[in-house]
Every structure is written in structure tokens, then in C-alpha cells.
Amino acid sequence: MDRLSTTGLGRHRRQGLRRLVSGALSGPALCATSITRTSMTTPTFLSVVIPAKNEADNLPSLIKEICTALDGERYEILVVDDGSTDDTLKVLTHLKDSGLTVLRILRHEQSLGQSTSVYHAALAANGTWLATLDGDGQNDPADIPGMLALVRAHEAGPEAIQLVAGHRVNRRD
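Just so we're aligned, residue 793 is where the sequence shown starts under the working numbering, counting upward by one.
Here's what the structure looks like:
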């Protein structure tokens with residue numbers, strides 16, 4: 793598990809992340825990152841970023857839905873436990889220990905908020921693209937493949953896509 797604190801952030805950052813185009817946090821979004829890679833391994837295409845506070849009950853089904861929606865993709869899931877006081881960390885650790893190799897866990901010892909959680913995950917992400925989903929499960933991971941199709945259809949040229957944003961039509965809160 794990666795641990796981030798407000799004072800140690802600079803020491804944890806990868807120098808290659810030069811630009812992050814962020815979108816609205818109200819729904820699924822795909823954001824472009826510019827990353828310099830030195831690894832010879834196949835790069836991760838998509839990093840799914842999930843800020844979560846006290847979401848122990850919601851995360852297992854959300855993560856399962858993400859894995860189903862992204863079957864066949866090169867992806868990782870980064871969940872930031874933002875100072876949860878429930879079993880969020882325990883649930884995430886169990887999922888990771890059960891063989892979910894695409895899962896990465898970051899933890900804030902105290903709550904730093906949704907925006908900071910997304911920011912920290914974006915800095916730690918390995919993907920060329922970022923998708924943000926809320927930990928409460930109100931964003932449908934099944935929307936991500938359609939967004940990726942749009943990205944792939946417009947990868948190059950003057951009309952290359954830098955951001956795809958979605959929004960929730962019917963909120964459940």
C-alpha cells in the first residue's frame with residue numbers, strides 16, 4: 793500500500809507527470825496525462841481513480857463492475873482511502889490479497905477531501921488516461937468503454953481528444 797501524507801507528497805511524485813487535464817468530479821471522466829516512460833513493460837492504458845471515504849459496503853461491487861467493464865483493457869484501479877473510519881481499508885486489503893493485481897491502495901491517515909484524493913491518485917497513476925469514479929457507486933463503470941472508444945477514434949491530429957466528461961442523470965443522494 794502506498795502511504796501519502798500532506799508533508800511527504802513531493803517525495804512520492806514521479807517526475808514524468810507534467811500535465812494533468814482534469815474534468816468535473818460529478819461523473820465519470822477520462823483525462824489525458826503526459827507521461828515520460830522508461831520502463832520496457834507494456835504501458836498501462838487506463839488508470840481508474842476512486843476517492844473513497846467510508847465506502848466499505850460499496851467498493852467490492854464497484855470494483856467488480858470496473859473489472860467486468862474493462863475486461864481486455866490494460867488498466868489499474870487506484871483507490872484512495874481518504875481517512876475512512878469504517879472497514880474501507882480492510883475491505884480493499886482483502887480484495888488485493890485475494891489476487892486482484894490491478895488494485896492499488898493509497899491511504900490518507902486523515903480526510904483530505906475528494907479533490908485532494910483524486911489529485912494524489914492522479915500523481916501516482918501509471919495510465920496514459922485517467923478515469924475518475926466516485927466510491928459510492930453512483931457512476932456506472934459500464935460507461936467507460938464508450939468513452940475509451942471515443943478516445944481511440946480521435947487519438948491523433950488536430951481533433952485529438954484530451955478530455956471526455958460524463959455526468960449523472962439521476963443522482964441517488
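Virtual Cβ for every residue (Gly too), placed ideally from N, Cα, C.
Secondary structure note for ARG944: its alpha helix (DSSP H) is the uninterrupted segment 936 to 945.
In terms of Cβ geometry, ARG896 and LEU870 form a close pair [threshold 8 Å]. Around the beta-carbon of THR877, fewer than 16 other beta-carbon atoms lie within 10 Å, marking it exposed. For LEU925, the three-state secondary structure derived from DSSP is coil. Judged by DSSP secondary structure, HIS900 falls within the beta strand (DSSP E) whose first and last residues are 895 to 900. Comparing C-alpha distances from ASP873 to each of PRO937, THR893, HIS912 and GLU857 shows the shortest one belongs to HIS912. About 5 Å separates the CB atoms of ALA934 and ALA861; that is less than 8 Å, so the two are in contact. Straight-line spacing of the CA atoms in ARG944 and SER839 works out to 16 Å.
At the C-beta level, ALA848 and THR880 come within 8 Å of one another. Comparing C-alpha distances from ALA916 to each of VAL841, ASN850 and PRO835 shows the shortest one belongs to VAL841. Apart from the 5 residues on each side of it in sequence, LEU942 sits with its Cβ closer than 6 Å to the Cβ of VAL956 in its chain, given in chain order. Distance from the CA atom of ASP863 to the CA atom of ILE936, rounded to whole angstroms, is 11 Å.
SER903 and PRO950 have their alpha carbons spaced roughly 41 Å apart. Around the beta carbon of HIS900, a 10 Å sphere encloses 16 or more other beta carbons of the protein chains shown; the residue is thus reported as buried.
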